[in-house]
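S.K.:
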Amino acid sequence: MEPIVFKQIEFVRSVTVRAVEELSEELLDIIPQGFNNNVRWNLGHIYLVQEKFAFHSARELMQLPESFERLFAKGTKPAEWSEKPPTLEVLIEMLSEQPKRIQEAMHNRLSEQVTPLTTGSGLTLNTIGEFINFTLYHEGMHFNTIKLLNRFADKRL
173 MEPIVFKQIE FVRSVTVRAV EELSEELLDI IPQGFNNNVR WNLGHIYLVQ
223 EKFAFHSARE LMQLPESFER LFAKGTKPAE WSEKPPTLEV LIEMLSEQPK
273 RIQEAMHNRL SEQVTPLTTG SGLTLNTIGE FINFTLYHEG MHFNTIKLLN
323 RFADKRL
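In terms of the working numbering, the sequence shown is numbered consecutively and its last residue is 329.
(1) Taking the beta carbon of ILE202 as the centre, do at least 16 other beta carbons fall within 10 Å, making it buried, or is it exposed?
(2) Under the three-state reduction of DSSP, which class applies to THR307: helix, strand or coil?
(3) Where are the alpha helix (DSSP H) runs, 4 residues long or more, that stay fully inside the stretch 190–276, in chain order?
(4) Between the C-alpha atoms of GLN275 and PHE178, what's the straight-line distance to the nearest angstrom?
(5) By how many angstroms is the C-alpha of VAL187 removed from the C-alpha of GLU198?
(6) Please determine if the stretch 311–324 and the stretch 256–266 are in contact, where contact requires at least 3 C-beta pairs separated by less than 8 Å.
(7) Assign ILE176 to buried or exposed, taking buried as 16 or more other Cβ atoms, counted over all protein chains shown, within 10 Å of its Cβ.
(8) Taking the alpha carbon of LEU236 as the point to measure from, which residue in GLU302, LEU220, THR287, SER254 has its own alpha carbon closest?
(9) Could you tell me the distance, in whole angstroms, from the CA atom of PHE303 to the CA atom of ASN280?
(10) DSSP three-state label for LEU297, please.
(11) What do you get for MET173, buried or exposed, if any count of 16 or more other CB atoms within 10 angstroms of its CB means buried?
(12) For the putative contact between PRO250 and ASN210, defined by C-beta atoms under 8 Å, what is the C-beta separation to the nearest angstrom?
(13) List the endpoints of the continuous beta strand (DSSP E) containing THR287.
(14) My understanding is that PHE183 touches GLY216, with C-beta atoms under 8 Å, so please give their C-beta distance in whole angstroms.
(15) What would DSSP say about ARG323, mapped onto helix, strand or coil?
As structure tokens, this is what we get:
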């Protein structure tokens, strides 16, 4: 089962990166009416959550820039940012290398029990594999939001 999980992480991430790699920095920051966040926020949030769910849950060292909690945690908004967020190039680099780090660090550890967490949607996660699998669902939700943001942002340019 482990190779399938890692293959899915790589696939989902490649789809996310392909969806944004040609976007301009300007398009990344548009917040269409009815939305709280932009594409840049969604990309940083995906990285932050996967870093926490994969590494923090397994008590491994996270590669998390100090500003990411303030910029991309649940409940944050670009309208409230008081510091410069990372560029698209930096976000893509971080997002692209993250699945490889997860695979290296979590090899033969997916069934390992960790401190349980119940998600906002009511699912309780108990193992490293459950935490990592949940990030696939989470990234899929934000991928859909990114696609919607792109569609509405294009109309504003």
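Ideal Cβ placement from N, Cα and C applies to all residues, glycine included.
M.R.: Result, derived from the coordinates:
(1) The count along the sequence shown starts at 1 and reaches residue 202 at position 30. ILE202 counts as buried, since at least 16 other C-beta atoms from the protein chains shown sit within 10 angstroms of its C-beta.
(2) For the purposes of this step, residue 307 is taken as residue 135 along the sequence shown, with counting starting at 1. Note: THR307 maps to helix in three-state DSSP.
(3) 197–200, 211–223, 240–244
(4) What you label residue 275 is simply residue 103 of the sequence shown in a count that begins at 1. What you label residue 178 is simply residue 6 of the sequence shown in a count that begins at 1. Going by the C-alpha atoms only, they are around 6 Å apart.
(5) Here residue 198 refers to the residue found at position 26 when the sequence shown is read from its first residue. Here residue 187 refers to the residue found at position 15 when the sequence shown is read from its first residue. Taking the straight line from one Cα to the other gives about 21 Å.
(6) no
(7) Walking along the sequence shown from the start, residue 176 turns up at place 4. Answer is exposed; the Cβ neighbour count stays below 16.
(8) Within the sequence shown, residue 236 is the residue found at index 64, counting from 1. Out of GLU302, LEU220, THR287, SER254, LEU220 has the C-alpha closest to the C-alpha of LEU236.
(9) Here residue 303 corresponds to residue number 131 of the sequence shown, with the count starting at 1. Here residue 280 corresponds to residue number 108 of the sequence shown, with the count starting at 1. Those two C-alpha atoms are separated by around 15 Å.
(10) By one-based count along the sequence shown, residue 297 stands at place 125. Note: LEU297 maps to strand in three-state DSSP.
(11) One-based indexing of the sequence shown puts residue 173 at position 1. MET173 should be labelled exposed.
(12) Taking the first residue of the sequence shown as position 1, residue 250 is located at position 78. Taking the first residue of the sequence shown as position 1, residue 210 is located at position 38. Yes, PRO250 and ASN210 are in contact; Cβ-Cβ is about 6 Å, under 8 Å.
(13) As a first step, residue 287 is located in the sequence shown; it is residue number 115 there, counting from the start. Element bounds for THR287: 285–290.
(14) For this step, residue 183 is matched to residue 11 along the sequence shown. For this step, residue 216 is matched to residue 44 along the sequence shown. That belief does not hold up - the Cβ atoms of PHE183 and GLY216 are roughly 21 Å apart, past 8 Å.
(15) Looking up residue 323 in the sequence shown gives position 151. ARG323: helix per DSSP, three-state reduction.
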